[in-house]
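Q: Residue numbers (the numbering used here), protein chains in the order written: chain U, 1 to 208; chain R, 1001 to 1354. We put the beta carbon where it would ideally sit given N, CA and C, even for glycine.
In structure tokens form, the structure reads like this:
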């Protein structure tokens, strides 16, 4: 299982359903790991790769729906596709509202499940890319000195050098030097680029 | 067992007559006797008797009537001189009658509620066990069927691959067969469950079971304004079987009869439950109604599972009744009733005395 290959996690307490899903998902050349319970899944060390979870609603212990709600607390961002043998409309509404990709009553069309899996993996991939970019930005931002951070935030909020110098009680020349360092360390190609980076950083700081 | 019928009937006219005679006696005694004797207090007995045959409003009326009689005899005796003690006695008597009436009405209302709850319980119990059973069987069968479908799909995908992966396809096909076998195993288990049900083999008096069942749904019969006659032969031999299951059969037949009669707008609503000796070898129980009756073409299908003529029926009641009766070595059938309605009958074989 290479690092970037997507992985589908199947959690279903019925061994026959689990084996069947395992085979179906492998037949379309996707990696799959199957678990009989959510506890087993949590104990597993997940590879650093995009993926999604195919989750049975009726599970021993914590139900699939409850587990979906608890996932955020355990820092699991994987998209979820529910499968169920006894689904009703309110249950599916609840699941979709909580952010599930799909809610499939058993037996389902294999293509419906595979489509949902592809969508889930795609969604996870873009989420991972977005968070990777933010991680790099954070790293760059962390390499700035305290003064450089001050200058960066003021530049990003559109203030001219002269005003920044006055506000920070520095000479305009010093501000220019800091600003050049900021552009280099943040790997910003233009002022607009730097403004976008500052936005992304403050967005991720808010959501984190 | 004809006795049982007679007893109910005698009690029906005896009580009101006794109450009227008693009230008259108290009135005469109260009017002619000394004022200082609190005769009117005995009116409470009349009120307590009234509870046995009247509903809430009737009991209140009887209570009020007793108060009126007390006051009337007071007025009549007042002509011959009244005393302070007389007034106190009258007041105490009136209070006693009023209190008794109040308590009697309250107790009656609670009894009614208890009856209601019990018959609802019987009804709900019947419906939910069936509903839950079906839901759980459906889920148990659905699980392997779902796995079979997925395995079939996977098998086809392995075969369609370039080049086809025959090993994986074969494994998927093997699992598919296992899943399908598992589904039919579950169905076989369910069938076995309904077939070999009565492990209990008690000696039972079928008349006792009929009467117990009738008690359970008395208020439902009353509410549907149905007149019930029990015609129980007193020479029926005991049968061997499961009391609860046989009660379930009778309950099913009676509830069906009530529903059938509810769907006829006019005409008398008569329900007759009878028991009789069926030659030397069996006991025959019949539930006869004057409801909408049966279409002749449906007679053989009536007892099949999931067959129903009711708008919201599940088609399980008669199917279960049949499997219970057959498990007891008997048989059940239906015939049209004259001039209208249906008769459902079942025969249970008489056990050999131990």
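Provide the residue span of the beta strand (DSSP E) that contains residue 1202 (chain R), from first to last.
A: As a first step, residue 1202 (chain R) is located in the second chain; it is residue number 202 there, counting from the start. Looking at the DSSP string, the run of the beta strand (DSSP E) that includes residue 1202 (chain R) is 1202–1204.
Q: Could you spell out where the beta strand (DSSP E) holding residue 1048 (chain R) opens and where it closes?
A: Along the second chain, read from residue 1 onward, the residue named residue 1048 (chain R) stands at position 48. No beta strand (DSSP E) holds residue 1048 (chain R); the alpha helix (DSSP H) holding it covers 1043–1053.
Q: DSSP on residue 1241 (chain R), reduced to helix/strand/coil?
A: Locating residue 1241 (chain R) in the second chain gives position 241, counting from the first residue. Residue 1241 (chain R) falls in the strand class under three-state DSSP.
Q: Assign residue 1347 (chain R) to one of three DSSP states: helix, strand, or coil.
A: The residue labelled residue 1347 (chain R) in the question sits at position 347 within the second chain. In this structure, residue 1347 (chain R) counts as strand in the three-state DSSP scheme.
Q: Using a Cβ-Cβ distance under 8 Å, would residue 1145 (chain R) count as near chain U?
A: The sequence position of residue 1145 (chain R) within the second chain is 145, counting from 1. Taking Cβ atoms only, chain U reaches closer than 8 Å to residue 1145 (chain R), which makes this a yes.
Q: With 8 Å set as the bound, which would you pick, yes or no: does the beta-carbon of residue 27 (chain U) sit closer than that to a beta-carbon of chain R?
A: Mapped onto the first chain, residue 27 (chain U) falls at position 27. Closer than 8 Å to some Cβ of chain R, the Cβ of residue 27 (chain U) qualifies, so yes.
Q: What residues from chain C crowd round residue 20 (chain U), counting only those whose CB sits closer than 7 Å?
A: This model lacks chain C altogether; the protein chains it does include are U and R.
Q: Which of the three DSSP states is assigned to residue 1289 (chain R) in this structure?
A: Sequence index remark: in the second chain, residue 1289 (chain R) carries index 289 (1-based). Three-state DSSP puts residue 1289 (chain R) in coil, outside helix and strand.
Q: Could you spell out the range, first to last residue, of the beta strand (DSSP E) harbouring residue 86 (chain U)?
A: Counted from its first residue, the first chain places residue 86 (chain U) at position 86. No beta strand (DSSP E) contains residue 86 (chain U), which DSSP labels as neither H nor E.
Q: Roughly how many whole angstroms lie between the Cα atoms of residue 1264 (chain R) and residue 1293 (chain R)?
A: Start at 1 with the first residue of the second chain, and residue 1264 (chain R) comes out as number 264. Start at 1 with the first residue of the second chain, and residue 1293 (chain R) comes out as number 293. Approximately 9 Å between the Cα atoms of the pair.
Q: DSSP three-state call for residue 74 (chain U): helix, strand or coil?
A: Walking along the first chain from the start, residue 74 (chain U) turns up at place 74. The answer is coil: DSSP assigns residue 74 (chain U) none of H, G, I, E or B.
Q: Hey, does residue 1189 (chain R) have any beta-carbon neighbour from chain U nearer than 8 Å?
A: Along the second chain, read from residue 1 onward, the residue named residue 1189 (chain R) stands at position 189. So, not an interface residue.
Q: If you count every other CB in all the chains shown that lies within 10 Å of the CB of residue 1143 (chain R), and 16 or more means buried, which is it?
A: Numbered from its first residue, the second chain carries residue 1143 (chain R) at position 143. Buried is the call here.
Q: So which residues on chain R does residue 110 (chain U) lean against when the C-beta distance must stay under 7 Å?
A: For the purposes of this step, residue 110 (chain U) is taken as residue 110 along the first chain, with counting starting at 1. Here the neighbours are 1150 and 1153.
Q: Would you call the CB atoms of residue 46 (chain U) and residue 34 (chain U) closer than 8 Å?
A: On the first chain, residue 46 (chain U) is found 46 positions in, with the first residue counted as 1. On the first chain, residue 34 (chain U) is found 34 positions in, with the first residue counted as 1. No, these two residues do not count as a Cβ contact at 8 Å.
Q: Counting only Cβ-Cβ distances shorter than 7 Å, please list the residues of the region 74–93 of chain U near chain R, keeping chain order.
A: Here the close residues are 85 and 86.
Q: Report the three-state DSSP secondary structure of residue 1038 (chain R) (helix, strand or coil).
A: Numbered from its first residue, the second chain carries residue 1038 (chain R) at position 38. Correct three-state label for residue 1038 (chain R): coil.
Q: Is the beta carbon of residue 1283 (chain R) sitting closer than 8 Å to the one on residue 1239 (chain R)?
A: In the second chain, counting from the first residue as 1, residue 1283 (chain R) sits at position 283. In the second chain, counting from the first residue as 1, residue 1239 (chain R) sits at position 239. Against a cut-off of 8 Å, the Cβ pair of residue 1239 (chain R) and residue 1283 (chain R) comes out as a contact.
Q: In three-state terms, what does DSSP make of residue 35 (chain U)?
A: By 1-based counting over the first chain, the position of residue 35 (chain U) is 35. Note: residue 35 (chain U) maps to strand in three-state DSSP.
Q: Mind listing which residues of the region 40–74 of chain U have their C-beta closer than 9 Å to chain R's C-betas, in chain order?
A: Listed by position, the residues of the region 40–74 of chain U near chain R (Cβ gap below 9 Å) are 58.
Q: Can you tell me where the alpha helix (DSSP H) holding residue 1263 (chain R) begins and where it ends?
A: Here residue 1263 (chain R) corresponds to residue number 263 of the second chain, with the count starting at 1. Run containing residue 1263 (chain R): none; DSSP gives neither H nor E here.
Q: Mind checking who residue 1276 (chain R) pairs with in its DSSP beta bridge?
A: Indexing the second chain from 1 puts residue 1276 (chain R) at position 276. Note: residue 1276 (chain R) sits in a beta bridge opposite R:1284.
Q: Run the CB neighbour count on residue 29 (chain U), radius 10 Å, all protein chains shown included, and call it buried at 16 or more, exposed below.
A: One-based indexing of the first chain puts residue 29 (chain U) at position 29. The residue in question, residue 29 (chain U), is exposed, as its Cβ has fewer than 16 Cβ neighbours within 10 Å.
Q: Between residue 81 (chain U) and residue 100 (chain U), is the Cβ-Cβ spacing less than 8 Å?
A: In the first chain, residue 81 (chain U) corresponds to position 81, counting from 1. In the first chain, residue 100 (chain U) corresponds to position 100, counting from 1. In this structure, residue 100 (chain U) lies closer than 8 Å to residue 81 (chain U) by Cβ.
Q: Where does residue 136 (chain U) land, buried or exposed, given buried means 16+ other C-beta within 10 angstroms?
A: Start at 1 with the first residue of the first chain, and residue 136 (chain U) comes out as number 136. Answer is exposed; the Cβ neighbour count stays below 16.
Q: Would you call the CB atoms of residue 77 (chain U) and residue 127 (chain U) closer than 8 Å?
A: Numbered from 1 along the first chain, position 77 holds the residue referred to as residue 77 (chain U). Numbered from 1 along the first chain, position 127 holds the residue referred to as residue 127 (chain U). The answer is yes: Cβ separation under 8 Å.
Q: Can you name the residues of chain U whose CB is closer than 8 Å to the CB of residue 1142 (chain R)?
A: Translated into positions along the second chain, residue 1142 (chain R) becomes position 142. Within chain U, the residues near residue 1142 (chain R) are 85, 86, 106 and 107.
Q: I'd like to check one pair, residue 1332 (chain R) with residue 1325 (chain R): are the Cβ atoms closer than 8 Å?
A: Working through the second chain from its first residue, we reach residue 1325 (chain R) at position 325. Working through the second chain from its first residue, we reach residue 1332 (chain R) at position 332. The answer is yes: Cβ separation under 8 Å.
Q: For residue 104 (chain U), does the three-state DSSP call read helix, strand or coil?
A: Counted from its first residue, the first chain places residue 104 (chain U) at position 104. The answer is strand: DSSP assigns residue 104 (chain U) an E or B state.
Q: In the region 1152–1236 of chain R, which residue ranges form an unbroken beta strand (DSSP E) of at least 3 residues, counting only runs that do not cross its ends?
A: List check, beta strand (DSSP E) in window: 1202–1204 and 1227–1232.
Q: Pick out whichever of R:1319, R:1285 and R:1138 has its Cα sitting closest to the Cα of residue 1300 (chain R).
A: In the second chain, residue 1300 (chain R) corresponds to position 300, counting from 1. With distances taken between Cα atoms, residue 1300 (chain R) lies closest to R:1319.
Q: Use the C-beta contact count for residue 1317 (chain R): other C-beta atoms within 10 angstroms, 16 or more gives buried, fewer gives exposed.
A: As a working note, residue 1317 (chain R) is residue 317 in the second chain. Residue 1317 (chain R) should be labelled buried.
Q: Taking 8 Å as the threshold (C-beta atoms), are residue 1046 (chain R) and residue 1054 (chain R) in contact?
A: For the purposes of this step, residue 1054 (chain R) is taken as the residue at position 54 of the second chain. For the purposes of this step, residue 1046 (chain R) is taken as the residue at position 46 of the second chain. Not in contact: residue 1054 (chain R) and residue 1046 (chain R) (Cβ atoms no closer than 8 Å).
Q: Whose C-alpha, out of R:1259, R:1278, R:1252 and R:1258, is nearest the C-alpha of residue 1236 (chain R)?
A: Against the second chain, residue 1236 (chain R) aligns to sequence position 236. Checking every option, the nearest Cα to that of residue 1236 (chain R) belongs to R:1278.
Q: What's the C-alpha gap between residue 1099 (chain R) and residue 1077 (chain R)?
A: Looking up residue 1099 (chain R) in the second chain gives position 99. Looking up residue 1077 (chain R) in the second chain gives position 77. If you take the alpha carbons of residue 1099 (chain R) and residue 1077 (chain R), they lie about 25 Å apart.
Q: Would you verify that the beta carbon of residue 1185 (chain R) is, or is not, closer than 8 Å to some beta carbon of chain U?
A: Counted from its first residue, the second chain places residue 1185 (chain R) at position 185. So no, residue 1185 (chain R) is outside the interface.
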